[in-house]
Structure formats: structure tokens, C-alpha cells
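>
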Amino acid sequence: MSGQRPEEEAERDHAGRPSMPNGHSMSDVPPPATDPWKGLRGVMAGTLILEAIVVLLALPVVADVGGGITWFSGTYLVALSILMILGAGLQRKPWAIPFNLGMQLLLLAGTFIHLSIGVIGLVFAAVWAFILMLRADVQRRMDAGLLPSQRMHREN
Numbered sequence: 068m069s070g071q072r073p074e075e076e077a078e079r080d081h082a083g084r085p086s087m088p089n090g091h092s093m094s095d096v097p098p099p100a101t102d103p104w105k106g107l108r109g110v111m112a113g114t115l116i117l118e119a120i121v122v123l124l125a126l127p128v129v130a131d132v133g134g135g136i137t138w139f140s141g142t143y144l145v146a147l148s149i150l151m152i153l154g155a156g157l158q159r160k161p162w163a164i165p166f167n168l169g170m171q172l173l174l175l176a177g178t179f180i181h182l183s184i185g186v187i188g189l190v191f192a193a194v195w196a197f198i199l200m201l202r203a204d205v206q207r208r209m210d211a212g213l214l215p216s217q218r219m220h221r222e223n
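Using our numbering, the first residue of the sequence shown is number 68, and each one after it goes up by one.
Structural data, given as C-alpha cells:
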């Protein structure tokens, strides 16, 4: 007896590692054979590129429907698009998600330029919320060992 209560001993495997409810230890969860984040980084980069294109396509709308493009509004929208395009190549960085969400805030701030920019910001805010939900789901599945590449490893 190690001095622990019996229920605490039952929560550990023979090597003293915490065990999971199915009887496997935490170390029994194999790492994914492929990088699950690679696909998500691609989705985020593609979303930023698409977002930049949509913002640039909104320039004629702002010019015709709004009060016209001013020096400030044109510079703001073009600079925002350039930042999004550059940010698409930086999705491997640990600060990529805060950067992406910052781009969303800047796009939502574009409501003051024209309402159509704010609508674009709301649509893409919903897209980014969905991407963050997907990211949380992948993390949860990876931690539980439920990714397809982890299940294949376990079956072999």
C-alpha cells in the first residue's frame, strides 16, 4: 500500500500514471500519425485570402453606394487586405489566431467607413467562430485519442 486511499490507487495504472475511464493510461493515447493542425492552418489561411478578396471587391460598393472612397477609407481597406494576405502565410506562428481575430476586429471597425464593410465583418466573424469551434473539436478528439490516425495506430 502506498499510503493513498484505494480509490486514488484505482485511478492510476501500474506505473503510477493517471488512468483514463476506459482503463488506458494517458500515455496510451498515441500521437497522431499526421499533423492535424496542418489542415486547419490551411483553412485559416484560405479564409484570410478569401476575406481579403471580398474586402477588395467591396471597394467599388463603397465608391458607388457610399459617399465615395476617401483617402482614409481607401488606404484602410487596401492596407487591411494586404495584412490579411500577409497573415495567410503566417498561420504556423503561435500568435496566428490572435492575429486573425484582430483582423476581424479591424474589419468590424470598417463599419464606420461603410455599412457594407460591417456586414462583411459580421459574416466573416461567424466563419471565424466556426473555425474556432472546429479547432476546439480537433483538440478534444486529439486529447482523447479519437483522431482517425490515432485510432489506426491503436488498432495495429
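Cβ atoms here follow ideal geometry from the backbone N, Cα and C, with glycine treated the same way.
Bear in mind the structure is a predicted one, so any value in this text is a computation, not a measurement.
#1: Identify, in the order they occur along the chain, each residue of the same chain with its Cβ nearer than 8 Å to the Cβ of alanine 130, setting aside the five sequence neighbours on each side.
#2: Measuring straight from C-alpha to C-alpha, what distance separates leucine 107 and valine 128?
#3: Using three-state DSSP, classify glycine 135 as helix, strand or coil.
#4: Report yes if the CB atom of methionine 111 is closer than 8 Å to the CB atom of alanine 163, and no otherwise.
#5: Roughly how many angstroms lie between the CA atoms of histidine 91 and isoleucine 149, to the nearest whole one?
#6: Of the residues Phe179, His181, Pro161, Leu153, which one's Cα is nearest the Cα of methionine 170?
#7: Contact between the region 118-127 and the region 185-201 is defined here as three or more beta-carbon pairs at a separation below 8 Å; is this criterion met?
Put simply:
#1: By 1-based counting over the sequence shown, the position of residue 130 is 63. Within its own chain, the residues whose Cβ lies closer than 8 Å to the Cβ of alanine 130, once the five positions on either side in sequence are excluded, are Ile136, listed in chain order.
#2: What you label residue 107 is simply residue 40 of the sequence shown in a count that begins at 1. What you label residue 128 is simply residue 61 of the sequence shown in a count that begins at 1. Rounded to whole angstroms, the gap between the alpha carbons of leucine 107 and valine 128 is 32 Å.
#3: Your numbering for residue 135 matches position 68 in the sequence shown. DSSP places glycine 135 in coil when its eight states are reduced to three.
#4: Mapped onto the sequence shown, residue 111 falls at position 44. Mapped onto the sequence shown, residue 163 falls at position 96. Less than 8 Å separates the beta-carbon of methionine 111 from that of alanine 163.
#5: The count along the sequence shown starts at 1 and reaches residue 91 at position 24. The count along the sequence shown starts at 1 and reaches residue 149 at position 82. Residue confidence is low: histidine 91 scores 48 on pLDDT, short of 50, so the model does not pin down where it sits. No coordinate-derived value is stated.
#6: Stepping through the sequence shown from its first residue, residue 170 is reached at position 103. Of the candidates Phe179, His181, Pro161, Leu153, the one whose C-alpha sits nearest the C-alpha of methionine 170 is Leu153.
#7: As far as the Cβ criterion goes, the region 118-127 touches the region 185-201, which means the pair count is three or higher.
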